[in-house]
Structure formats: C-alpha cells, structure tokens
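Asker: Each residue of the sequence shown is one higher than the one before, counting from 287 in our numbering. Don't be surprised by glycine CBs; every beta carbon is placed ideally from N, CA and C. As the structure is a computational prediction, the values presented were derived from the model and not from experiment.
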Amino acid sequence: MTLLSFLFLITACESPPPSTEEPPTPVGRVEDISLPPEPGFEIPTDVSDLWVGWTNGPDDPNPFRAQWAESFEIFDLVYSTLYRQLPDGTISPDLIANTTVSEDQKHWTFTIHERVSFHDGTPLTADDAVFP
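Structure, rendered in structure tokens:
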C-alpha cells in the first residue's frame, strides 16, 4: 500500500508534455466584431427609450439611499453633477459655470450654467438644489 501511494505521488509531480498545438489567431478587437441581430429581435427606433443590459436595476432611485454598484452606474446616465470625471481622470465642471470659495474654506458658492434645465425645459435654479 505504501509503494502504491508513493507511485501516485511521483506520477502527480510529473510535468505535462509540451503542447504541439498552434495558438489561436486573433480575430480583432471586440469593437471590430459586428454580430447580426438574433432572429425576431428588432432594433428600437424610438429615441426616447434607452435600453441598457444590467443584471440588476437600481436598489433605490434616490442617490443618497442607494447602495448597489448598478445604481451608481445608472445614476451617472440619469443625473448630472456639479463636476464630472472625464475618461482621462481629470475633473471638469458639469452643471456649474464657476466656483467661489470663502477664505476660511467653509463656504462654497457654485454658479449654475444658464443653459442647464430639466428634461421638460424648466430652468434649474439654486432653490432646486437646496437640501433641507
């Protein structure tokens, strides 16, 4: 029995034989591959709809109460912010025209761009951004 165990141990430590297969040829980047739509699938033509494939929806529509990562990905598509992080990592103003900071750095004043409005066209005012 000991000899049999020893043989199994030696066999398990052996390296595998070298592969004679050629590595697969790359077919291109994923962005370059265009797949035809599945049978019966129609591409939506209504531009007012946004179709996003996620495994979960937001756990709460309020960004201050949400906890799931999917929620924050959706919020980035729905809500604008004072500042936005660009793909290169830099920070850029989004809703604001400029920022003024008091000397003691306790009071920050944000001036909203005049062009900012809600989806129905109503202009955004400072009163809309005040939280009690």
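(1) Please give me, in chain order, every unbroken run of the alpha helix (DSSP H) with length at least 4 that falls completely inside the stretch 325-404.
(2) Would you tell me roughly how many angstroms separate the C-alpha atoms of Q353 and P344, rounded to the nearest one?
(3) Does the distance from the C-beta atom of N384 to that of T376 stay below 8 Å?
(4) Where S334 and P304 are concerned, what is the direct C-alpha to C-alpha distance, given to the nearest angstrom?
(5) Alpha carbons only, please: which of V402, E389, V364 is nearest the one belonging to I382?
(6) Could you tell me the distance, in whole angstroms, from the CA atom of H405 to the CA atom of Y365?
(7) Suppose the cutoff is 6 Å on Cβ atoms and the five residues either side in sequence are ignored; what does the same chain contact list for L372 look like?
(8) From D380, F350, G339, pick the residue whose C-alpha is nearest to that of E400; which is it?
(9) Look at the alpha carbon of A412 and the alpha carbon of T367, and state the distance between them as a whole number of angstroms.
Answerer: The structure says:
(1) Those alpha helix (DSSP H) runs which fall completely within the stretch 325-404 and span 4+ residues are 355-364.
(2) Looking at the two C-alpha atoms, the distance is approximately 9 Å.
(3) A distance of 8 Å or more separates the beta carbons of N384 and T376.
(4) If I take the Cα positions, the gap works out to 57 Å.
(5) It is V402.
(6) Looking at the backbone, the Cα of H405 and that of Y365 are separated by about 11 Å.
(7) Within the same chain, and ignoring the five residues on either side of L372 in sequence, the residues whose Cβ sits closer than 6 Å to its Cβ are S378.
(8) Cα-wise, what sits closest to E400 is D380.
(9) Linking A412 to T367 through their CA atoms gives a straight-line distance of about 14 Å.
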